[in-house]
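Asks:
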Amino acid sequence: MKADLLLGLQWGDEGKGKIVDVLTGNYDIIARFQGGPNAGHTLEFDGIKHVLHTIPSGIFHKKALNIVGNGVVIDPVIFRRELENLSRFPIDIQKSLLISRKAHLILPTHRLLDAASEASKGKAKIGSTLKGIGPTYMDKTGRNGLRVGDLELADWKDKYRTLADKHEAMIHFYNVDIQYNLQELEAEFFSAVENLKSLQFIDSEEYVHQALKSGKKILAEGAQGSLLDIDFGTYPYVTSSNTTAAGACTGLGIAPGNIGEVYGIFKAYTTRVGSGPFPTELFDEDGKTMGRVGNEFGATTGRPRRCGWLDLVALKYAVQINGVSQLMMMKADVLSGFETIKVCTAYHYKGEKITHLPYTIEAEHLTPVYTELPGWKEDLTRMTEAAQLPENLKKYIDYLEEALETPIKIVSVGPDRTQTIHRLKS
Ligand code: GDP
Ligand code: IMO
Ligand code: MG
0 MKADLLLGLQ WGDEGKGKIV DVLTGNYDII ARFQGGPNAG HTLEFDGIKH VLHTIPSGIF
60 HKKALNIVGN GVVIDPVIFR RELENLSRFP IDIQKSLLIS RKAHLILPTH RLLDAASEAS
120 KGKAKIGSTL KGIGPTYMDK TGRNGLRVGD LELADWKDKY RTLADKHEAM IHFYNVDIQY
180 NLQELEAEFF SAVENLKSLQ FIDSEEYVHQ ALKSGKKILA EGAQGSLLDI DFGTYPYVTS
240 SNTTAAGACT GLGIAPGNIG EVYGIFKAYT TRVGSGPFPT ELFDEDGKTM GRVGNEFGAT
300 TGRPRRCGWL DLVALKYAVQ INGVSQLMMM KADVLSGFET IKVCTAYHYK GEKITHLPYT
360 IEAEHLTPVY TELPGWKEDL TRMTEAAQLP ENLKKYIDYL EEALETPIKI VSVGPDRTQT
420 IHRLKS
């Protein structure tokens, strides 16, 4: 059996949480492979909206097991809060949530370091979610990190102390004004760690291997999006993990040959939260309309998301890097009412027209070239069949499928689980 992957193709918030929830019925295991509580994955059903940060989006399905993989970074404090939010639902967490011993822990001082680093950058700040993601992955690759499995060892608090003391010295080095009470933060952390220890820790790579061998179906859930990838994103305005398909191999221990379908999710337009270049960003009424109708506010930080037209150059790049086999187009309903739909199909770059993503995509180097398609007026939110979709939306879909040379399997027409149109049956 091969594992399928589901990942975001833009700057995150494409609707991964919703689609993982929709697809979970077809899978035995849902496994997160990277990122941490910088993610905010929204699910909606039965009139309730849920936001998950670290816990995989299959958690509401009785049959599915959920794994937090080795590539994920866990903040025990946020994790406990997530579990508390789930406690009013009939979920057997001890049974249905498994944590990799090799996942790294976010310490309170990692969060402080994130804040100090951002404060020291001034205008050049990344616009981080300030959840400690960068500093934690730095300790991972620097070979200093504290892992979930360490919590089962007698000396973990000594390791913690050594690392936290070093972090404190580093915070002073930044020489910025950060107020904190470490004793309070540590008391909260240690109590949250005890809570984390009540869950099942596993050697997840072995678990995943045996599960595939015995025919279990696994869906790997990505966080963030390809343009936030540490290697292939809009560096340095990226996150600190590999958000692309290869991240699922390293973040779960799945061999490349054992990857099946790669589902790529994109919005029918583009959004970005935080700093960094965004060629198709709109500063006019159209952009405001997308933000308002699409309710574009970050699920983790509440910050307004920047909005713009679909960037087909960037999307092609993401399809290529990930080897996407099937696409899912989200938030098609948000584009209802636009007279014309614009799609960026090339860039003017240093006096040339190019159709690939160059090294720098800052506005001073590059302007988008748009193709216009006719819009549609119909409300899509009650539609359930592909045949009901307006002709001009069908044309938009056909156009994108042809340009991306990849089929669009799902068209999403609202935030609810049921507002999902399956175009292809497989
Ligand atoms: P994720 O991080 O990729 O899981 O995405 P987020 O949850 O951060 O952001 C997606 C937002 O769009 C959430 O508020 C979803 O409830 C909402 N959403 C998802 N699909 C659709 C859709 O097809 N239409 C509309 N209007 N909203 C959607
Ligand atoms: P999901 O999984 C959108 C952005 C931040 C910032 C940059 C670095 O919900 O799609 P970090 O906290 O990682 O240091 O922030 O990445 N970012 C996201 N944007 N969706 C996310 O996750 C994001 N996770 C991080 O806004 O620009
Ligand atoms: Mg999100």
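In this text, residue positions in the sequence shown follow numbering that gives the first Met the number 0: the first is 0, and each later residue adds one.
Positions of the beta carbon are idealized from the N, C-alpha and C atoms, including for glycine.
Is it the case that the CB of Leu227 approaches a heavy atom of the ligand IMO more closely than 8 Å?
Replies: At least one heavy atom of the ligand IMO is nearer than 8 Å to the Cβ of Leu227, so yes.
Asks: Report yes if the C-beta of Glu361 is less than 8 Å from at least one heavy atom of the ligand IMO; otherwise report no.
Replies: Checking the Cβ of Glu361 against the ligand IMO gives no.
Asks: Out of curiosity, what's the CA-to-CA distance linking Arg302 and Gly246?
Replies: Cα-Cα distance, rounded: 27 Å.
Asks: Thinking just about the alpha-carbon of each residue, which of Val72, Ile90, Asp285, His49 is nearest to the one in Lys101?
Replies: Ranking the options by Cα distance to Lys101, first place goes to Val72.
Asks: Which same chain residues end up closer than 7 Å to Gln418 when comparing Cβ atoms and leaving out the 5 residues on each side of it in sequence?
Replies: For Gln418, where only same-chain residues beyond five positions count, the Cβ hits under 7 Å are Thr380, Ser411, Val412.
Asks: To the nearest angstrom, how far is it from the Cα of Asn143 to the Cα of Ala163?
Replies: Roughly 11 Å between the two C-alpha positions.
Asks: Assuming Tyr234 contacts Ser274 under a Cβ cut-off of 8 Å, what Cβ separation, rounded to an integer in Å, is found between them?
Replies: Contact doesn't hold; Cβ gap of about 12 Å is too wide.
Asks: Would Thr359 and Asn37 be called neighbours here (beta carbons separated by less than 9 Å)?
Replies: Their beta carbons are not under 9 Å apart, which means Thr359 does not touch Asn37 by this criterion.
Asks: Name the DSSP beta bridge partners of Cys248, please?
Replies: In DSSP, Cys248 forms no bridge with anything.
Asks: Report the CB separation of Arg416 from Glu43 in whole angstroms; it is logged as a contact under 8 Å.
Replies: Going by Cβ atoms, the distance from Arg416 to Glu43 rounds to 6 Å, so yes, they are a contact pair.
Asks: So, using beta-carbon positions, are Ala317 and Leu226 closer together than 9 Å?
Replies: For Ala317 and Leu226, yes; Cβs fall inside 9 Å.
Asks: Pick from Gly16, Gly39, Gln9, Lys61: whose alpha carbon is nearest that of Asp27?
Replies: Per the Cα distances, Lys61.
Asks: I'd like the ranges of any alpha helix (DSSP H) spanning at least 4 consecutive residues and lying wholly in the stretch 175 to 213.
Replies: Qualifying alpha helix (DSSP H) stretches, in chain order: 181 to 195, 203 to 212.
Asks: Here's a check: name, in chain order, each residue in its chain whose Cβ is nearer than 7 Å to the Cβ of Val495, leaving out the five neighbours to either side.
Replies: In the structure displayed, the chain extends from 0 to 425; residue 495 sits before or after that span and is not available.
Asks: Using only alpha-carbon positions, find the residue among Asp3, Ala2, Gly16 that is nearest to Phe265.
Replies: For Phe265, the nearest C-alpha among the options comes from Gly16.
Asks: Considering His49, what are the terminal residues of the beta strand (DSSP E) in which it resides?
Replies: Unbroken beta strand (DSSP E) run through His49: 47 to 51.
Asks: Using a threshold of 9 Å, state whether the C-beta atoms of Val19 and Leu218 are closer than that.
Replies: In this structure, Leu218 lies closer than 9 Å to Val19 by Cβ.
Asks: Spatial neighbours of Glu338 within its chain, please: CB distance less than 6 Å, with the 5 preceding and 5 following residues excluded, ordered by chain position.
Replies: Same-chain partners within the cutoff: Gly374.
Asks: Could you check whether the Cβ of Ile340 sits closer than 8 Å to any heavy atom belonging to the ligand GDP?
Replies: The answer is no for Ile340.
Asks: Using a Cβ cut-off of 9 Å (strictly closer), state whether Ile229 contacts chain B.
Replies: Absent from the structure is chain B; it holds one protein chain and no more.
Asks: Can you find a heavy atom of the ligand GDP that lies under 8 Å from the Cβ of Asp332?
Replies: Under cutoff, so the answer is yes.
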